[in-house]
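If you read the sequence shown in the working numbering, its first letter stands for residue 44, the second for the next number, and so on.
This report refers to the structure that appears directly beneath it.
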Amino acid sequence: MTNVDWLSEDLLLLALDAGRGRGLGRTYAISYGLMGADLVRLAARGRIDIIDDQIVVRNPAPTGDAELDAALARIGEPASPPRPGRLGATAAPADLRLVPGAAHRGRGDL
């Protein structure tokens, strides 16, 4: 699989109104998308898998990315692994810390 590290940043930038400096819609919806992007990024690195309809940590070693490491730790916390459709039940607000890095790398004009 190709490098998908840009996924979270691009998703967040698409959800922002650069002229007003705020989101275009509901932040909880953006949060779900960002969590999905984290899952894709972890799966692309071989860190998680879906087995018997449950997300399972295959490799808990640090990824070197603070946001991904936090997501990986959250997946490993429950007594039973979360089902893919239930991970969004613990959505956090959209991570606006991604914006400066995305703009710096030419992914937006903020």
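In this text, a Cβ means the ideal position worked out from N, Cα and C, and glycines have one as well.
Everything numeric in this text was worked out from a predicted model, so none of it was measured.
{"Query": "Opening and closing residue of the alpha helix (DSSP H) in which D92 lies", "Result": "That residue, D92, is in no alpha helix (DSSP H); its beta strand (DSSP E) goes 91-94."}
{"Query": "Under the three-state DSSP convention, the category D60 falls into", "Result": "strand"}
{"Query": "Per-residue burial, L59 [other beta carbons within 10 Å of its own, 16 or more giving buried]", "Result": "buried"}
{"Query": "Pairwise C-alpha distance: E110 and R101", "Result": "18 Å"}
{"Query": "Reduced DSSP category for V100 - H, G, I as helix; E, B as strand; rest coil", "Result": "strand"}
{"Query": "Alpha carbon of A116 to alpha carbon of L55, nearest angstrom", "Result": "22 Å"}
{"Query": "The alpha helix (DSSP H) enclosing G79, as first and last residue numbers", "Result": "70-87"}
{"Query": "Cutoff 7 Å; reference A114; Cβ partners in own chain excluding five residues on either side", "Result": "D81, L85"}
{"Query": "Residue burial classification, I94 (beta-carbon count within 10 angstroms, cutoff 16)", "Result": "exposed"}
{"Query": "Burial state of R90, where buried means 16 or more other Cβ atoms lie within 10 Å", "Result": "buried"}
{"Query": "Inter-residue spacing [alpha-carbon to alpha-carbon] between E120 and R88", "Result": "20 Å"}
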